[in-house]
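Peer 1: Numbering (UniProt numbering), first residue to last: 1 to 144.
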């Protein structure tokens, strides 16, 4: 029962995190680029962050918990499930690095000149989020 609850929380968190980034990537970013308006991205970030960051934190906690208690963390690349865990943890680290870089270096001084760099970050973090969903799905099928 605990595993199913953790999995449900993990999936809801993923829906919020990935869904938010898909909306940002495919709805907000094109408008911001067309209008050359950074305020659209800033407003979305301000609205999304209060639900997006807790969703990410829930995913991290539940994902690590499930990995430890369901599969054990052995970091064995030859085992398909362990390989998925390694890949998901690597993608998580990449997400955190991208988020911190954007939060520290881009967002505070976001301007029209820095908009292409911000768009690159947004699209990359969206791709990473989708990859995490893909590799998460692989647990259902025994790993990749």
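The C-beta atom is built at its ideal place from N, Cα and C for all residues, glycine as well.
Taking all protein chains shown into account, decide if residue 29 is buried (16 or more other Cβ within 10 angstroms of its Cβ) or exposed.
Peer 2: Residue 29 comes out buried.
Peer 1: Ends of the alpha helix (DSSP H) at residue 81?
Peer 2: 80 to 101 is the extent of the alpha helix (DSSP H) around residue 81.
Peer 1: Within a Cβ cutoff of 6 Å, which residues of the same chain sit near residue 85, ignoring the five residues on either side of it in sequence?
Peer 2: 67.
Peer 1: Helix, strand or coil for residue 111 per DSSP?
Peer 2: Residue 111: coil per DSSP, three-state reduction.
Peer 1: Among 26, 63 and 119, which residue has its Cα nearest to the Cα of residue 5?
Peer 2: Of the listed residues, the one whose Cα sits closest to residue 5 is 63.
Peer 1: Residue 128 to residue 43, Cα distance in whole Å?
Peer 2: If I take the Cα positions, the gap works out to 23 Å.
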